[in-house]
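There are 2 protein chains.
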Amino acid sequence: MATRWLSGQDLHGLLGTLPLQFPAYQDLADRIRYLVVDGRLVHDVRLPSERELASTLGISRATVAGAYARLADLGFLVPRRGAGNFVRAGPTTRGNGLVGPYPDFTDLVNLAFASPPAPAGLDEVYRSALDELPAVLGGHGYGPQGLVSLREQVAAWYGERGLPTAPDQIVVTNGAQSALNVVAGTLLRTGDRVLVEAPSYPNALDALRRSGARLVAYPLPEDGWQVSGYATTVRQTAPRLAHLIPEFHNPTGHWLDEEARPELAAALRRTRTTAVVDETLVELRLDGQHPRRPLAAWLPDALTLGSASKAFWGGLRIGWIRAPRVLIRSLVQTRALLDLGSPALEQLVVARLLAGSGVDVEEQRSRARMQRDHLVGLLTRRLPDWRVPTPGGGFTLWVGLPGETSSRLAAAAERHDLLLSAGPRFFPDGGGERHLRLPFTAPRQHLEEAVERLARAWADVGVSSPRPGTRRPWDLSV
Amino acid sequence: MATRWLSGQDLHGLLGTLPLQFPAYQDLADRIRYLVVDGRLVHDVRLPSERELASTLGISRATVAGAYARLADLGFLVPRRGAGNFVRAGPTTRGNGLVGPYPDFTDLVNLAFASPPAPAGLDEVYRSALDELPAVLGGHGYGPQGLVSLREQVAAWYGERGLPTAPDQIVVTNGAQSALNVVAGTLLRTGDRVLVEAPSYPNALDALRRSGARLVAYPLPEDGWQVSGYATTVRQTAPRLAHLIPEFHNPTGHWLDEEARPELAAALRRTRTTAVVDETLVELRLDGQHPRRPLAAWLPDALTLGSASKAFWGGLRIGWIRAPRVLIRSLVQTRALLDLGSPALEQLVVARLLAGSGVDVEEQRSRARMQRDHLVGLLTRRLPDWRVPTPGGGFTLWVGLPGETSSRLAAAAERHDLLLSAGPRFFPDGGGERHLRLPFTAPRQHLEEAVERLARAWADVGVSSPRPGTRRPWDLSV
Chain Y
12 MATRWLSGQD LHGLLGTLPL QFPAYQDLAD RIRYLVVDGR LVHDVRLPSE RELASTLGIS
72 RATVAGAYAR LADLGFLVPR RGAGNFVRAG PTTRGNGLVG PYPDFTDLVN LAFASPPAPA
132 GLDEVYRSAL DELPAVLGGH GYGPQGLVSL REQVAAWYGE RGLPTAPDQI VVTNGAQSAL
192 NVVAGTLLRT GDRVLVEAPS YPNALDALRR SGARLVAYPL PEDGWQVSGY ATTVRQTAPR
252 LAHLIPEFHN PTGHWLDEEA RPELAAALRR TRTTAVVDET LVELRLDGQH PRRPLAAWLP
312 DALTLGSASK AFWGGLRIGW IRAPRVLIRS LVQTRALLDL GSPALEQLVV ARLLAGSGVD
372 VEEQRSRARM QRDHLVGLLT RRLPDWRVPT PGGGFTLWVG LPGETSSRLA AAAERHDLLL
432 SAGPRFFPDG GGERHLRLPF TAPRQHLEEA VERLARAWAD VGVSSPRPGT RRPWDLSV
Chain L
12 MATRWLSGQD LHGLLGTLPL QFPAYQDLAD RIRYLVVDGR LVHDVRLPSE RELASTLGIS
72 RATVAGAYAR LADLGFLVPR RGAGNFVRAG PTTRGNGLVG PYPDFTDLVN LAFASPPAPA
132 GLDEVYRSAL DELPAVLGGH GYGPQGLVSL REQVAAWYGE RGLPTAPDQI VVTNGAQSAL
192 NVVAGTLLRT GDRVLVEAPS YPNALDALRR SGARLVAYPL PEDGWQVSGY ATTVRQTAPR
252 LAHLIPEFHN PTGHWLDEEA RPELAAALRR TRTTAVVDET LVELRLDGQH PRRPLAAWLP
312 DALTLGSASK AFWGGLRIGW IRAPRVLIRS LVQTRALLDL GSPALEQLVV ARLLAGSGVD
372 VEEQRSRARM QRDHLVGLLT RRLPDWRVPT PGGGFTLWVG LPGETSSRLA AAAERHDLLL
432 SAGPRFFPDG GGERHLRLPF TAPRQHLEEA VERLARAWAD VGVSSPRPGT RRPWDLSV
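Sequence order for the protein chains is Y and L. Its first residue numbered 12, the first sequence is counted upward by one per residue in the working numbering. Its first residue numbered 12, the second sequence is counted upward by one per residue in the working numbering.
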């Protein structure tokens, strides 16, 4: 269930750790505005009362009142008599982070989505899958576990990757997001601890939170997992589940060394922590790396999530869960309750794609590699102060900004009709203002236009390190 | 989140109101077995301890121990040392009520699903929708609200039915089940009261429960809604939401008179109760009735759920929510978190179907009408003691049994390879043992075979009215 109201503490947590600059009411209004623009404060959520927020932050009620009035003037807040102040995520804001924009947008350049257009040949695969449709049209069309023919292909794909798998270990879902909701709904109870990477994929964090879990973070080092550190975090937090994106990590593009896998797995086994491994981007190895054996090869209890959305196309809403047999029936029950089953034709299409029919994944990789290198080049030239590492896989750059400016930059970019996902969206509990995720999946000319707008937005923001002597009426530390 | 363990009180509630017959341990085991076979006790749920159940039911611990041992012998229970007794819904049980069976079943006749095979011409609609696919293949494929072209068709369909609707009032979902999950996830908080009909559609009851709602029941009279009674229930319970299936009600096939609608709507408005109107079966009017104006015509705040699964085919996993504009953004946010969006081609197919292309709904109706009359005839001849009303629409008969035998019958039928949904599955809180839902969507020869097996199972059960003088060690009244 979505949170539809916010406590003073909740908002305090979202506002981050910078001091308020003078005039405080305006800075507070700006920060709340960034949260709305960035999708961290969603439409129609109720803000804390002036009195509560002032008390939580230790500032005057007049400051909060001034900030709320300004937000109402700007159209980001709707006061409703007797009911409180409600966020308005207007038509020019994204509403839900990575997920938007709503389909009616036109002039925007979208660097919030990491999802390319469909590859050549996909429409032909749809067409050929129609030949198999008559065989299923005679049935009622439901099947919460998924068509056997698709599950066979998925199982074979795991087998080729060094992880023997039977078709009855697979549950087909509507993409990996749906798969994660099914897993969380089956295994988690309110208050269970779930270990996540920080940063991580925001929609995964949201889904886990929605299931009532308490997220604990493993701060991912700049160059990827440091296994002894990961093991320490596991030991100290003894989480129920550990959510991992071992290749290619979203947003950083890191992958977990094959040599590191047994040790990491052993750490999870010691605390009887169930691993939930998101492999959505595993096919997107951009530098000719040798495929690694799936993490589940060392973790018989792990649940592995896969998807056709990234290797093939986002408009194919088919994903799956690979799980130990003992969990399958419970997963199918949860899944059925959510939406009864996946569409028949889409399943036939994905079965063909996994069988190697029609779409060349290597061509997908090659296109992604060129786009990646193009975006890295553009950024290096136009924004030389930014740190722009080249990821080994996936669809996104995770760039370092020379200041805690990510939210401000996202808000400024919006005024240039450029959609960004600010760094904090990728963290379970604050942080991230020094980073920005930039997908390289948009067409070439969009990338060029995007970097132009990015540079203009950056000029608007500048580097806002706190100046010495700046008035700090209070300090938001969480 | 699914409940994965059961308190003594929970199980007490499920066991119903009959007295235990001698020998008590065996009767208790049988009743628990019915709950498993029927999908009311799901796979892997933990039963209460012997001590707790004995105490709740006021019987000896030896009786409970005997029942659990018998269930373990029969393979319905797995004791795990130190962890408790866990339900095993074996491969011959359905696991999730209406939703099963798992796709590997072969010899079963399935009267648990109310879903016919696809109509003639559907594969051609798929084929022609491919012509529009290239236009969307160039995009990223995501769009949590749904394709504009589909939303336009859905909006027009409401308009034709006397309910003017704009495309931006529609959110496309993966079927009506997914739509209800989105609505519940957006509007309900734990503990909110939701008024439901008793009986009602089991998967809807499950989804509402899963969202943390407390279900309160309006006992639907034998001949459909009695509006003053409904209004009294609304006034007394002042629920947050009211879930309604006004035409054609699942499982009874009733419809709500157009004259009754304004009064019923007024009752809901007085308590500021939001109506959630499931219109999944609205196109299935089988007796040439004049279409009624949707209930939302009298309730501007209502949310209406629709689906392509019943009017067209269950393998099309496309449904939608029609909602007031003020709620759309929040609904889209919740929806995006569940699964990001609906598949592109399926949306194009349903847009064509709603535009009247390729599939003749009147032919669907005509087929359903013949099947209905055929099943009514078979039952009247073979099971003359049963009360078999002829519903005006929908896909199911709601037959009256001459005794509180529905669960026993479903369990007996399973031994004849016939899947049934026992009456209690359709009630939010017990009751229903005198009713059975029988879908008439299976092919004609399946219906004939089904009624044969039904008659044999009925002979196994007989009418089990409590005999005078039967030992009643305790009385399960809830």
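We treat Cβ as the ideally placed atom computed from N, Cα and C, and that holds for glycine. Keep in mind it's a predicted model, so treat the numbers as computed, not measured.
With fewer than 16 other beta carbons inside 10 angstroms of its own, residue 16 of chain Y counts as exposed. Interface annotation, residue 54 of chain Y: in contact with chain L, CB-CB separation under 8 angstroms. Its chain contains 206, 229 as the residues whose beta carbon lies nearer than 7 angstroms to that of residue 244 of chain Y, once the 5 sequence neighbours on both sides are disregarded; these appear in chain order. In this structure, the beta-carbon distance from residue 404 of chain L to residue 320 of chain L does not fall below 8 angstroms.
Residue burial annotation: residue 337 of chain L is exposed, with fewer than 16 other C-beta atoms found within 10 angstroms of its C-beta. Here the C-alpha atom of residue 334 of chain Y lies approximately 5 angstroms from the C-alpha atom of residue 314 of chain Y. Residue nearest to residue 414 of chain L within the set L/433, L/353, L/143 is L/433 (criterion: CA-CA distance). Annotated three-state conformation of residue 145 of chain Y is helix, per DSSP. Neighbours of residue 186 of chain Y across chain L, judged by C-beta separation under 7 angstroms: 350, 351.
The shortest C-alpha to C-alpha distance from residue 266 of chain Y to any of Y/188, Y/272, Y/258 is the one to Y/258. Contact annotation, residue 399 of chain Y with residue 387 of chain Y: C-beta distance approximately 6 angstroms; criterion of less than 8 angstroms satisfied. In the three-state reduction of the DSSP assignment, residue 79 of chain Y falls in the helix class, which pools H, G and I.
Counting C-beta pairs closer than 8 angstroms gives fewer than three between the region 210 to 230 of chain Y and the region 415 to 424 of chain Y, which falls short of the contact rule. Along the region 451 to 462 of chain Y, the positions whose C-beta sits under 8 angstroms from a C-beta of chain L are 452, read in chain order. Judged by their CB atoms, residue 198 of chain L and residue 252 of chain L are nearer to each other than the 8 angstroms cut-off.
Within the DSSP secondary-structure output, residue 184 of chain Y pairs in a beta bridge with Y/330.
In the pairwise beta carbon analysis, the region 367 to 383 of chain L is classified as not touching the region 267 to 281 of chain L: fewer than three pairs are separated by under 8 angstroms.
With respect to the 8 angstroms criterion, residue 449 of chain L and residue 407 of chain L are classified as neighbours on the basis of their beta carbons. When Y/317, Y/54, Y/460 are compared, the shortest CA-CA separation from residue 168 of chain Y is found for Y/317. Looking only at L/121, L/153, L/142, the smallest Cα-Cα distance to residue 126 of chain Y is reached by L/153. Of the candidates Y/465, Y/397, Y/220, Y/209, Y/209 places its Cα closest to the Cα of residue 442 of chain Y.
One alpha carbon belongs to residue 31 of chain Y, the other to residue 463 of chain Y, and they sit about 30 angstroms apart. Within chain Y, 354, 356, 357 have C-beta atoms less than 8 angstroms from the C-beta of residue 357 of chain L, given in sequence order.
The shortest CA-to-CA distance from residue 262 of chain L to any of L/422, L/451, L/346, L/59 is the one to L/451.
Straight through space, the alpha carbons of residue 144 of chain L and residue 203 of chain Y are spaced by roughly 43 angstroms.
Around the C-beta of residue 304 of chain L, fewer than 16 other C-beta atoms lie within 10 Å, and the residue is accordingly described as exposed.
Near chain Y, meaning a CB-to-CB distance below 9 angstroms, no residue of the region 245 to 264 of chain L qualifies. Taking a Cβ-Cβ cut-off of 8 angstroms, the neighbours of residue 134 of chain L in chain Y comprise 141, 144, 145, 148, given in sequence order. A direct Cα-to-Cα measurement between residue 428 of chain Y and residue 467 of chain Y gives close to 11 angstroms.
Chain Y places a beta carbon closer than 8 angstroms to that of residue 189 of chain L, counting this residue as a contact. Not a single CB atom of chain L sits nearer than 8 angstroms to the CB of residue 86 of chain Y. Within its own chain, the residues whose Cβ lies closer than 7 angstroms to the Cβ of residue 248 of chain L, once the five positions on either side in sequence are excluded, are 204, 206, 227, listed in chain order. The Cβ-Cβ distance between residue 59 of chain Y and residue 351 of chain Y does not fall below 8 angstroms.
Around the beta carbon of residue 171 of chain L, fewer than 16 other beta carbons sit within 10 angstroms, so the residue counts as exposed. As the crow flies, the alpha-carbon of residue 47 of chain Y is around 9 angstroms from that of residue 422 of chain Y.
Residue-level contact check: residue 151 of chain L touches chain Y, since one or more beta carbons of chain Y fall below 8 angstroms from its beta carbon.
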